[in-house]
Structure formats: C-alpha cells, structure tokens
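Notes follow the structure.
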C-alpha cells in the first residue's frame, strides 16, 4: 500500500534505537495493581509441535510464518545459527524485549483483560502469534479456563519455559507451527486475542492469519481482542530531513550521485515525527471491524483530501492508526497519533510503534515539493 501521489514504497521493518520510538497513548490509563494467579497443580507438558518437512538448506523450501514477513525454520533456539536467525526474525530476543518494554501497548492489552475479567472467566481463549506468551498469561490471570497459543517462530521454545516459571502450564498450551496447519484439541474458542498490527497497520500484518483463525475457531457470539482498527494520514513539513538525507546525494565529496537520490526517495524513513511538523488535517484512510473484515477487504484504493492548516511546504505523508477494544465495559485502546501522549508517574511513555517499525507513524516522501497556502486542499489516492 502506498501513496500514488508521492510515488513512494511502503516502509519495511527496520530495527532502531529505543530512544527513536514515537509517542503513543492509551485511552485507558494503565493501573499499577498486581494480579496474583490462583494456586495451580504440578507442571505438565505445554508445547506441541506441528510436523514439518525435513530440513533443507534451500531457502525457498523453508516453511514460512504468515504475517511475519520472514522465513522461519522451526528449530530449537539453542541450535539456531546466524543464518537461521536471519530468516526467523521473531526468534531474535531483542524484538520481543522491545515489544515487552513497550508499556503503552502491553498495558493496554493487560488492562483490556484484567479490567474485564467477567468476559474471560472460564472461557477458552486463542492467542494468535503468541510470542513470549505475555498475552496468553494475561488471559490466564484474567480467569480463562484454558488458553491456546500458536506461534510459528522458535521463540515458542522459551515461551514454554516462561509459562512453567510462572506456574501457568496447566492453563496455557502453546502450539509451535503455522495457524493454518495447527489443529486445536477444541472445535471452537470463546475469545481470540492477537497483537497483529503491521507496518502502516496492514502491510505485513498478521490480520489475514487472525481472520483465518476467526473463521475456523471463533464460536458465534465470540469476542475479538482488539476488534476495531483505523488508519489515518496527515501531511508534514520536513525540510531538515530532506536536505540531510536526500539532497546530500547531489554533491558527495565533489561527485554527483543524484541517481541514488531518486532511490533514496523511495526508501523507508526511520525517525521521530514532531507533532509541530504536521501541516494538514488528518484523514481516515481505512477502518476495519475485525469481526466482519475479509481478506479481500485488505487490498483497497482510497481517495482522500487534505487541507493545509498553515502556509508551509509539504514534504511527506505520515500515517498513524487507532486500535480499540470496543466490547470492554470502559472504552479501551491506544493510538499512534502524533499528538497523543500518555503521562504516567510524571514521565513520558514512549512506545514500540514508530516510523518504519511495527507499522505506526509511517512516512512517505513527496518527490515534487511546493509551498502550500493555508486553506488549500489537495486530493490524493492511497492504494
């Protein structure tokens, strides 16, 4: 998905330093309460492996993880080589550490479950893309009768140890494999939870996999956590970035490398966007109801109009998204809106989603730039 007007490609995932993370908020303020699980029986095995073809060194033959955007060999993490980690990006512990330290995202999911325990009590829950098992453990502590997690990367080996260490092994079962290949020991589940969001919300997300799981396992009247998502776009002024990263190629130690500049215009932007850079209104690009969305709905073309709010240049488009848990008794969700921040304990909380990382505020440079007047309207097409 990209902006036809800007002739730019979608952002792809790129690891960035923690202090580059963008500002986000939760709609429901995180609570500092601790929830202790009930006393549980002795440990039992919790991880089930889905059979896969014998290993082959040919990369194209390796099984893939839907929605992950990388190829993954289902190996024990302790046996994995650097090549294995290259193709199984979600086996990198740094990725999971970064996600877990994203307090806004993580606490929003926790609050959605802990503050609505009446919805989870004695329910069967499915965690799609369970990772380290953090959401599965939240669901277990919220009162779920049993939680089934499906994770195709090798991190599932460690999620088993984490679950046992927290004495939740009799409540949580992890399946190591692709959602499309796993067979659960139950026909239907009451609730599906997942952190499925991708770049610009939809690109390389796990939403297709979540839809598959919903259609196969969610019982009539079951719940999706979260259940609503909306993608927005705004225009920004960013002359400093463009001069530093784009026009620099016109004179590189006295040599003209302008041909690379044209390629750089289409490459990902990984940086923080200051809300003061926004020069237009925001416009809704796409909204989806996770209960009813279909795979074909995720390929779309949308025309939108942005109105200039001050006399300034427009150098790039920036997208952000809102995520909601609408079935909670109190409105719960989070946003990657540039103007949305959360102040807690006298400190600013920053989050995982940022330009080019996990699909939050994603930027698209515009090749032809001119000064815009306040009140001026411009039509764009997103596809």
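Numbering (the UniProt record's numbering), first residue to last: 1 to 383. By construction, the Cβ of each residue, glycine as well, lies at the ideal position given by its N, Cα and C atoms. For clarity, every value in this text was computed on a predicted model and none was experimentally measured.
DSSP on residue i, reduced to helix/strand/coil?
i           : result
residue 323 : strand
residue 335 : strand
residue 191 : strand
residue 328 : coil
residue 247 : helix
residue 312 : strand
residue 115 : coil
residue 289 : strand
residue 224 : strand
residue 105 : helix
residue 213 : helix
residue 139 : helix
residue 208 : helix
residue 29  : Legend: pLDDT at residue 29 = 36, less than 50; position of this residue unreliable, value from coordinates given subsequently. If DSSP states are grouped into helix, strand and coil, residue 29 belongs with coil.
residue 274 : coil
residue 181 : coil
residue 154 : coil
Taking all protein chains shown into account, do 16 or more other C-beta atoms lie within 10 angstroms of the C-beta of residue i, making it buried, or fewer, making it exposed?
i           : result
residue 160 : buried
residue 110 : buried
residue 253 : exposed
residue 263 : exposed
residue 329 : exposed
residue 381 : exposed
residue 259 : exposed
residue 299 : exposed
residue 356 : Model confidence at residue 356 stands at a pLDDT of 33, short of 50, so the residue's coordinates are unreliable; what they give is reported in the following sentence. It is buried - the Cβ of residue 356 has at least 16 other Cβ atoms within 10 Å.
residue 316 : buried
residue 277 : buried
residue 165 : exposed
residue 324 : buried
residue 251 : exposed
residue 127 : buried
residue 257 : exposed
residue 305 : exposed
residue 274 : exposed
residue 186 : exposed
residue 157 : buried
Are the CB atoms of residue i and residue j nearer to each other than 8 Å?
i           : j           : result
residue 326 : residue 227 : yes
residue 191 : residue 223 : yes
residue 193 : residue 125 : yes
residue 279 : residue 312 : yes
residue 208 : residue 295 : yes
residue 129 : residue 155 : no
residue 233 : residue 285 : yes
residue 150 : residue 179 : yes
residue 134 : residue 168 : no
residue 230 : residue 321 : yes
residue 142 : residue 114 : yes
residue 288 : residue 372 : no
residue 309 : residue 374 : yes
residue 108 : residue 334 : yes
residue 140 : residue 171 : yes
residue 455 : residue 196 : Outside the modelled stretch of the chain, which goes from 1 to 383, sits residue 455, for which no answer is possible.
Can you pull the DSSP bridge partners for residue i?
i           : result
residue 198 : 201
residue 419 : Because the chain in this structure spans residues 1 to 383, residue 419 falls outside the shown range and cannot be described.
residue 380 : 304
residue 255 : 252
residue 280 : 308
residue 372 : 312
residue 218 : 189
residue 264 : The partner list for residue 264 (beta bridge, DSSP) is empty, contrary to what the question assumes.
residue 229 : 288, 323
Let me see if you follow: with CB-CB separation under 8 Å, is residue i close to chain B or not?
i           : result
residue 372 : Absent from the structure: chain B. Only one protein chain is present.
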